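In UniProt numbering, the protein residues as written are 1 to 422. Notes for the one structure printed next.
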């Protein structure tokens, strides 16, 4: 029996490798002092305040642990896909967005491994199901893919470039990278939760302000209504005209103050159960935006498009997206508003050939409330409200854009057919 065991030991490379790791873990001095590494990591993480700051730190930390020359970080977005949030000397034109069903990510989620491309080159069968060919690792100088797991959920992953001086990684490096990765994933989750809480508090403040807005608007409308009511009787009376002008000046002053506070916020209650014809909505948006440049071009490919929703809110949302397109486009540029049907859906597209947006901005900032690029001219809630409205009404919103090439917003609504919404 002993001879048989020795024979198996010397013949089987896998058994020898496992035995080497076992004896190294239990009988030899470790290369890393995990206590010191953990303390240093925890101290730094406690000082990080934002996703951007944390993203850069994650790449640097993992790269420094194994002397990598650089790397990139992909974070999971709300749809479950992964977007490139940080690129630090990665050295190649990396994919901006990776689908959640990507085979490499599926392999990482299933096995919770650190992927070693040197090992892959030497023994491809180990990673047969990982789909690593598309990374073009030799040309792109890719070395490792390090997962960041929060419990069993892949929150992010880091791709590391090869070190300046060639080295191999062993079980200690794997253990340290995975352990640090879990700690970094926890830090990411904490900062994301903190940002969500901050946005919730902002919305609470916005709701309180809205209550005052409604009260003020009712008073202002009452003043204007009174002028209209009395105008037929007193419109030739100079004193009435003077009083009316003074009242209107007061109304304008108050309205300007309110607008300064709220900017483009819309606090109307959504009546989401009415039948709405999107063709009528688009015609109203055209009238609303008629004086802006570039002039809005309509492409209406159907006689009607009946959906469930709130007409005033839809005019506000689509009008806001059109206004954004006009703001982002030169006066001699193109802004189009299209409507057509596709099977059981109504499709609205807002298309411009303006300045466009990069994928990093779309993934990290475009749909965040109170994050605006317009300074004091906006509150940064229009696109966020558009997305929330679409989600509440079983619709979809999609953004396609490239810097310098323009932007297309696509809104997809379920149609009403024979009295029922599909």
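Positions of the beta carbon are idealized from the N, C-alpha and C atoms, including for glycine. Computed from a prediction, not measured in an experiment: that's the story for all the values here.
Span of the beta strand (DSSP E) around residue i
i	result
residue 147	142–150
residue 276	274–277
residue 345	345–352
residue 391	Premise fails: residue 391 lies in the alpha helix (DSSP H), 382–392, not in any beta strand (DSSP E).
residue 335	335–342
residue 297	296–300
Residue i, buried or exposed, once every other Cβ within 10 Å from all chains shown has been counted against 16
i	result
residue 343	exposed
residue 155	buried
residue 164	exposed
residue 232	exposed
residue 404	exposed
residue 242	exposed
residue 121	exposed
residue 86	buried
residue 117	buried
residue 200	exposed
residue 301	exposed
residue 253	exposed
residue 413	buried
residue 255	exposed
residue 237	exposed
residue 309	buried
residue 313	buried
residue 162	buried
residue 17	Confidence in residue 17 is poor, its pLDDT being 41 and thus under 50, which makes the residue's placement unreliable; the coordinate value appears in the next sentence. The residue in question, residue 17, is exposed, as its Cβ has fewer than 16 Cβ neighbours within 10 Å.
residue 248	exposed
residue 394	exposed
residue 389	buried
residue 132	buried
residue 28	Bear in mind that the predicted position of residue 28 carries a pLDDT of just 39, short of 50, making it unreliable; the figure below should be weighed with that in mind. Residue 28 comes out exposed.
residue 228	exposed
residue 193	exposed
Delimiting residues of the alpha helix (DSSP H) encompassing residue i
i	result
residue 87	Not the alpha helix (DSSP H): residue 87 falls in the beta strand (DSSP E), residues 82–88.
residue 319	311–327
residue 364	Counting along the chain, residue 364 falls outside any alpha helix (DSSP H), and DSSP gives it neither H nor E.
residue 51	51–65
residue 163	It is not in any alpha helix (DSSP H) - residue 163 carries neither H nor E in the DSSP assignment.
residue 105	103–111
residue 118	117–122
CB-CB length for residue i against residue j, believed under 8 angstroms
i	j	result
residue 387	residue 361	Residue 387 to residue 361, Cβ: 15 angstroms. No contact.
residue 415	residue 345	6 angstroms
residue 188	residue 54	6 angstroms
residue 169	residue 159	At roughly 15 angstroms, the Cβ-Cβ gap does not stay under 8 angstroms, so residue 169 and residue 159 are not in contact.
residue 382	residue 353	With 8 angstroms as the limit, residue 382 and residue 353 do not qualify as a contact, their Cβ atoms being about 21 angstroms apart.
residue 278	residue 339	6 angstroms
residue 177	residue 276	Wrong, their Cβ atoms sit about 54 angstroms apart, outside the cutoff.
Identified DSSP bridge partners for residue i
i	result
residue 156	75, 148
residue 98	82
residue 402	406
residue 68	163
residue 449	In the structure displayed, the chain extends from 1 to 422; residue 449 sits before or after that span and is not available.
residue 411	348, 397
Q) Counting Cβ pairs closer than 8 angstroms, one from the segment 66–75 and one from the segment 119–131, do we hit at least three? A) no
Q: Would you be able to state if there are at least three C-beta pairs under 8 angstroms between the segment 346–365 and the segment 402–417?
A: yes
Q. Is the segment 60–70 touching the segment 85–100 in the sense that three or more CB pairs, one from each, lie closer than 8 angstroms?
A. yes
**Q.** At least three beta-carbon pairs within less than 8 angstroms, the segment 310–323 to the segment 287–298
**A.** yes
(Q) Count Cβ pairs between the segment 106–113 and the segment 147–154 that sit closer than 8 angstroms; are there 3 or more? (A) yes
Q | the segment 57–66 / the segment 180–194 touching (three or more Cβ pairs under 8 angstroms) | A | yes
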